Amino acid sequence: MSTEITKKQIPDSNSAPALPVPLSDLKIKYTKIFINNEWHEATSGKKFAVYNPATEDKICEVEEGDKEDIDKAVKAARKAFQLGSPWRTMDASERGRLLNKLADLIERDRLILATMESIDGGKLFSTTYLMDLGGCLRTLRYCAGWADKVQGHTIPMDGNFFTFTRREPIGVCGQIIPWNFPLVMFIWKIAAALCCGNTVIVKPAEETPLTAIYMGSLIKEAGFPPGVVNIVPGFGPTAGAAISHHMDIDKVAFTGSTQVGKLIKEAAGKSNLKRVTLELGGKSPNIIFADADLDSAVELAHIGLFYHQGQCCIAGSRIFVEEPIYEEFVRRSVERAKKITLGDPLSCGVNQGPQINKEQFRKILDLIESGKKEGAKLECGGGPWGDKGYFIQPTVFSNVTDDMRIAKEEIFGPVQQIMKFKTVDEVIKRANNTLYGLAAAVFTKDLDKALTFATALQAGTVWVNCYSVVSAHCPFGGFKMSGNGRELGEYGIHEYTEVKTVTIKIPQKNS
């Protein structure tokens with residue numbers, strides 16, 4: 038997800054570097070499995086193709102890891118985590134230095150990574166270079182600062198005892214990352230895990246594995262010991278399932294669909310009860326009151342939905358607008374959507390790229406058709422765009438009711454639903470009437486109203502007069518079926534630790 042969405046989709050020159058031209062001759066150097074700081078071919082001998090969703094052309098082939106390769110990666114990670122290993126005996130401050138070194142290398146290769154991410158995932162180059170890569174750097178440096186500040190407590194228990202707690206690394210962590218923000222999620226996962234002293238096996242999404250594999254070269258160059266970070270590209274039902282079921286993996290972290298999240302939690306329960314954190318789907322309510330700054334609300338609701346072609350778990354995909362301003366809000370939203378320029382995500386001036394693949398493309402079009410059939414008013418868009426690539430016209434529906442599929446299901450595409458409400462109590466109930474609880478927003482100038490909604494909305498994050506403001510400093514995660522646990526911030530760091538209580542008998546206690 039974006040690190041921040043404001044009225045400008047791209048930060049100004051005071052907060053971000055100048056935008057360069059994407060590389061026109063990008064060479065894909067790394068396509069193999071990364072285990073123990075070495076490059077490996079898949080045990081099975083299989084490879085899989087990676088495609089550019091803007092052109093449908095094949096980019097390259099990547100080694101297809103499966104259970105045998107995951108087993109190799111786990112053995113390497115377990116060896117690196119053994120007591121007395123270079124990683125376990127390393128000063129915490131040195132772990133922080135390695136994370137900062139990795140950030141420096143990403144900054145050096147920022148143009149390569151941004152171009153690769155845009156080609157591989159159909160992401161706009163401008164937002165990839167400025168927002169995604171900028172967010173990666175901030176997250177790494179934030180976690181680097183935490184490395185020597187993960188601390189326990191002394192406890193004044195009764196009796197002649199000295200008691201303290203230790204926050205220890207959990208151990209070997211499997212991390213399964215999604216296709217919509219491949220590099221951002223890679224960094225969110227490894228940075229917290231490594232700062233606490235864990236070792237990791239990362240499985241990137243099969244749709245977008247290239248930047249994760251490239252990171253293997255930077256991890257080795259930064260000086261991380263062998264086995265600390267292992268990267269195994271492959272498919273969910275094989276490599277992903279092997280991580281979830283593995284008896285020697287101590288924790289699994291997953292970002293992706295609720296359906297797959299359930300399978301991972303089930304696998305953890307059936308295997309070794311490994312720790313699980315899940316960041317899953319959403320159907321986030323965005324509530325616009327009549328007293329809101331309408332220009333700002335229209336723009337931020339637009340970006341909060343259409344950012345990255347709507348392929349965001351936090352997309353504000355249920356927009357509730359108070360009745361007195363409903364018609365005007367719809368009019369302005371349609372006008373704004375019609376200004377979007379579709380095309381090659383590497384091109385300057387383009388602000389919507391393709392969906393990730395044919396499966397998602399067809400799913401979104403099917404949901405659009407359901408909206409038409411169920412009686413929503415199609416204000417604009419509603420179909421595919423262009424003669425190649427997985428492009429969908431920016432689509433806006435009005436007169437949407439809560440029982441329609443487009444109001445209940447996560448679309449993950451450029452489809453904006455605008456619904457009407459009359460009272461505070463009504464909209465609170467409707468906003469919370471969902472299986473999901475990842476994020477929510479309210480636009481109002483009334484502070485009492487804003488605080489009421491901040492308390493009442495069942496979501497892991499509530500924004501007031503802004504949308505998608507996500508920072509390395511602040512915990513992120515969901516209520517209900519949007520997941521378990523948190524990433525980022527102090528809460529996200531602690532998700533990668535176990536608390537141990539140590540009690541020592543002493544001759545006499547003194548206060």
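Take any residue in the sequence shown, note its place counting from 1, add 37, and you have its number in our numbering. Positions of the beta carbon are idealized from the N, C-alpha and C atoms, including for glycine. Note that this is a predicted model, so its numbers are computed, not measured.
Three-state class that DSSP yields for residue i in the structure shown
| i | result |
| --- | --- |
| Phe-458 | strand |
| Cys-417 | strand |
| Lys-95 | strand |
| Gln-346 | helix |
| Gly-298 | helix |
| Val-437 | coil |
| Val-371 | helix |
| Lys-83 | coil |
| Lys-425 | coil |
| Ala-477 | strand |
| Arg-132 | helix |
| Phe-118 | helix |
| Thr-43 | Unreliable placement is indicated for Thr-43, whose pLDDT of 38 sits below 50; the coordinate value is still reported in the next sentence. The answer is coil: DSSP assigns Thr-43 none of H, G, I, E or B. |
| Pro-48 | Residue placement at Pro-48 is poorly supported in this model, since its pLDDT is 39, which falls under 50; the coordinates still yield a value, given next. The answer is coil: DSSP assigns Pro-48 none of H, G, I, E or B. |
| Gln-397 | helix |
| Glu-553 | The requested residue 553 does not occur in the structure, where the chain is confined to residues 38 to 548. |
| Thr-471 | coil |
| Asn-137 | helix |
| Lys-257 | helix |
| Ile-575 | Missing from the structure shown is residue 575; the chain here goes from 38 to 548 and no further. |
| Val-387 | coil |
| Ile-443 | helix |
| Gly-211 | strand |
| His-190 | coil |
| Leu-484 | helix |
Local Cβ density within 10 Å of residue i, reported as buried at 16 or more and exposed below that
| i | result |
| --- | --- |
| Arg-523 | buried |
| Glu-98 | exposed |
| Phe-366 | buried |
| Leu-57 | Before going on, a small fix: residue 57 reads as Pro here, not Leu. Pro-57 is exposed by the Cβ-count criterion. |
| Ser-321 | buried |
| Glu-463 | exposed |
| Met-441 | buried |
| Arg-132 | buried |
| Ser-163 | buried |
| Ala-184 | buried |
| Ala-259 | buried |
Cα-Cα separation between residue i and residue j, rounded to whole angstroms
| i | j | result |
| --- | --- | --- |
| Pro-431 | Glu-532 | 38 Å |
| Gln-348 | Ser-254 | 28 Å |
| Pro-241 | Arg-134 | 25 Å |
| Gln-545 | Asn-197 | 5 Å |
| Pro-206 | Phe-71 | 22 Å |
| Ala-476 | Thr-498 | 5 Å |
| Lys-459 | Asn-470 | 16 Å |
| Lys-116 | Ile-143 | 27 Å |
| Ser-508 | Asn-547 | 44 Å |
| Gly-277 | Cys-210 | 13 Å |
| Lys-517 | Asp-62 | 45 Å |
| Asp-169 | Phe-357 | 29 Å |
| Arg-355 | Ile-455 | 7 Å |
| Leu-494 | Leu-472 | 13 Å |
| Glu-447 | Ile-405 | 12 Å |
| Gly-420 | Ile-429 | 6 Å |
| Ala-304 | Gly-273 | 13 Å |
| Leu-484 | Gly-426 | 45 Å |
| Ile-543 | Gly-121 | 29 Å |
| Asn-521 | Val-536 | 18 Å |
| Ala-129 | Gly-234 | 8 Å |
| Val-433 | Gly-408 | 10 Å |
| Thr-165 | Asn-89 | 15 Å |
| Ile-214 | Pro-193 | 42 Å |
8 Å Cβ cutoff met for residue i and residue j
| i | j | result |
| --- | --- | --- |
| Leu-315 | Lys-302 | yes |
| Lys-457 | Asp-328 | no |
| Met-222 | Thr-292 | yes |
| Gly-318 | Ile-351 | no |
| Ala-91 | Gly-159 | yes |
| Thr-538 | Thr-191 | no |
| Ile-324 | Val-506 | no |
| Ile-227 | Val-266 | yes |
| Val-148 | Leu-60 | Note that residue 148 is Leu in the sequence shown, not Val. Cβ atoms of Leu-148 and Leu-60: closer than 8 Å. |
| Ala-290 | Cys-232 | no |
| Thr-250 | Gln-212 | Residue 250 is actually Ile in this sequence, not Thr. Not a contact, by the Cβ cut-off of 8 Å. |
| Thr-534 | Arg-204 | yes |
| Phe-326 | Pro-451 | no |
| Gln-346 | Gln-389 | yes |
| Gly-271 | Gly-102 | yes |
Min CB distance residue i to chain C below 8 Å
| i | result |
| --- | --- |
| His-282 | Within the model displayed, chain C is absent; a lone protein chain is all it includes. |
Inter-stretch contact (C-beta, 8 Å, three-pair minimum) for the stretch 335-353 and the stretch 369-378: yes
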